[in-house]
Structure formats: C-alpha cells, structure tokens
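Working notes, beginning with the structure itself.
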Amino acid sequence: MELPLQKSLLRPWRTGDETSLEKHANNRKIWRNVRDHFPNPYTRGDAMRWILHASSALSENVFAICVDGNAVGSIGLVAKDDVYRKSMEIGYWLGEEFWGRGIMTEAVGAVSQYGFDRFDIVRLYADVFEWNNASMRVLEKNGYVFEARLKKAVIKDGMITDALIYAKLK
Ligand SMILES: CC(C)(COP(=O)(O)OP(=O)(O)OC[C@H]1O[C@@H](n2cnc3c(N)ncnc32)[C@H](O)[C@@H]1OP(=O)(O)O)[C@@H](O)C(=O)NCCC(=O)NCCS
Numbered sequence: 005m006e007l008p009l010q011k012s013l014l015r016p017w018r019t020g021d022e023t024s025l026e027k028h029a030n031n032r033k034i035w036r037n038v039r040d041h042f043p044n045p046y047t048r049g050d051a052m053r054w055i056l057h058a059s060s061a062l063s064e065n066v067f068a069i070c071v072d073g074n075a076v077g078s079i080g081l082v083a084k085d086d087v088y089r090k091s092m093e094i095g096y097w098l099g100e101e102f103w104g105r106g107i108m109t110e111a112v113g114a115v116s117q118y119g120f121d122r123f124d125i126v127r128l129y130a131d132v133f134e135w136n137n138a139s140m141r142v143l144e145k146n147g148y149v150f151e152a153r154l155k156k157a158v159i160k161d162g163m164i165t166d167a168l169i170y171a172k173l174k
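Using the numbering used here, read the sequence shown as starting at 5 and increasing by one per residue.
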C-alpha cells in the first residue's frame with residue numbers, strides 16, 4: 005500500500021532504506037520522544053533489523069515517510085488486543101532536518117484515515133510525553149482530542165514524566 009501525499013510519499017519499508025534510516029533515526033532528539041525500544045545510538049544493524057521486520061510482518065501497519073525519494077521517517081499503527089481490540093495506537097518520528105514543514109501533520113491525517121478505513125477499529129490514540137508540544141500540536145491539528153494525563157507514568161532519559169493521551173474516534 006502506498007499513500008502519495010503532497011509533502012511526502014508513505015510506502016512500506018524496504019531493502020535499500022538502511023542508509024537513510026540509520027542517518028535520520030540516529031538522533032537523541034528523536035529518541036527522547038519515543039519508547040526505549042527505539043535504539044540510541046541507531047546503528048546500521050538496527051536499521052537492517054527494523055527493515056527486515058517492518059517490510060514483512062508490519063507491512064500493512066507501518067509506512068516509511070519518503071521525501072525526495074529517501075525514507076526519512078516512519079509512521080505506524082499498533083493493534084491492541086483483548087478488550088482493547090477496537091483500538092490502535094499511532095506512533096511516528098521524522099528526521100530532524102525535515103521538522104516544521106507540515107510533513108507529519110499531513111502524514112498523521114492520512115494514516116488516521118487509512119486506519120479507520122482498513123481496520124475494524126473505532127479508536128486511534130497517541131501517548132505523548134509531557135514535554136512534546138510539537139507532537140501534541142500535530143495531533144490536535146488532525147482532530148485528536150486530549151483525554152487524560154497519566155501522572156508520572158513514564159520514565160524516559162532518566163526522568164519521570166507524565167504521559168498525555170490524545171484520541172480520535174471513528
Ligand atoms: C513531533 C514531530 C513528529 C513533528 O513533525 P513535523 O513534521 O515537524 O510536524 P509539523 O511541521 O507537521 O507540525 C508541527 C507543529 O508543531 C508546532 N511546534 C513545533 N515545535 C513546537 C514547540 N516546541 N511547542 C509548540 N508547538 C511546536 C509547529 O509550529 C507546528 O504547528 P503549526 O502548524 O500550528 O505551526 C517531529 O518533531 C519528530 O519526529 N519529533 C521526534 C519524535 C516524536 O516526537 N515522535 C512523536 C512521539 S508521540
């Protein structure tokens with residue numbers, strides 16, 4: 005599945021993206037805002053493992069964000085299970101040199117629409133660390149609504165912080 009947008013192309017991760025992925029993902033400013041399973045430093049081996057995984061098992065759920073032919077970010081949906089099986093969690097990151105151009109605002113809009121069309125879900129949500137105002141803004145611009153502050157729910161970069169839940173309903 006490919007989603008051609010005005011500012012980027014969303015397409016599955018594939019072999020050949022390793023160099024660009026390693027270059028753009030190897031950034032502490034990105035790592036600081038995502039889960040700890042996202043490596044830092046981000047090595048060639050990490051890029052190879054991610055592409056192997058994302059291009060097969062996750063190919064319907066995760067897109068590379070391509071600008072000028074290079075994969076410079078990622079956006080995806082994680083299925084929830086059991087009583088939460090009608091929900092998916094949206095997650096994303098973008099190479100720092102591309103920040104502030106509206107790329108992620110457009111990508112979140114497209115992937116949210118894709119999620120509701122493609123999967124049998126009624127709820128999309130994101131879990132944002134309390135210092136990440138840019139991500140909150142991206143979500144708000146796409147109709148996600150602030151629902152809850154999970155106090156001291158997260159430890160990131162050695163700091164205990166709140167998690168803010170933003171959700172969009174079908
Ligand atoms: C958050 C992130 C995805 C935003 O991507 P982006 O393409 O730069 O976002 P956009 O340009 O579409 O929109 C950013 C918005 O946030 C605003 N913004 C940026 N920095 C901000 C800040 N420090 N405080 C408040 N708003 C801020 C911008 O002004 C813009 O809003 P506007 O259009 O109303 O002016 C990107 O910075 C990133 O990858 N960060 C690291 C990883 C991450 O945070 N992932 C999300 C985890 S929940």
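Just so you know, even glycine gets a beta-carbon here, dropped at the ideal spot from N, CA and C.
Keep in mind that this is a model prediction, so the values were computed, not measured.
Starting from residue 33, trace the alpha helix (DSSP H) both ways and give me its first and last residue. 32-35
Distance check for residue 34 and residue 144, CA to CA, integer angstroms please. C-alpha separation (whole angstroms): 20 Å.
Closest to residue 66 by CA distance: which of 165, 119, 36 is it? 119
What residue does the beta strand (DSSP E) around residue 123 start on, and which one ends it? Taken as a continuous stretch (DSSP letters only), residue 123 belongs to no beta strand (DSSP E), as it is neither H nor E.
What is the DSSP secondary structure of residue 145, reduced to helix, strand or coil? Helix, per DSSP.
Any heavy atom of ligand 1 closer than 7 Å to the beta-carbon of residue 129? In this structure, ligand 1 has no non-hydrogen atom nearer than 7 Å to the beta-carbon of residue 129.
Suppose contacts are defined by Cβ-Cβ distances below 8 Å. Is residue 9 in contact with residue 75 by that definition? no
Ligand 1 and residue 98: does any heavy atom of the ligand fall closer than 7 Å to the residue's C-beta? yes
Suppose you measure from the CA of residue 40 to the CA of residue 53; what does that come to, to the nearest Å? 16 Å
What I want to know is whether the C-beta of residue 17 ends up closer than 7 Å to one or more non-hydrogen atoms of ligand 1. For ligand 1, not one heavy atom lies less than 7 Å from the Cβ of residue 17.
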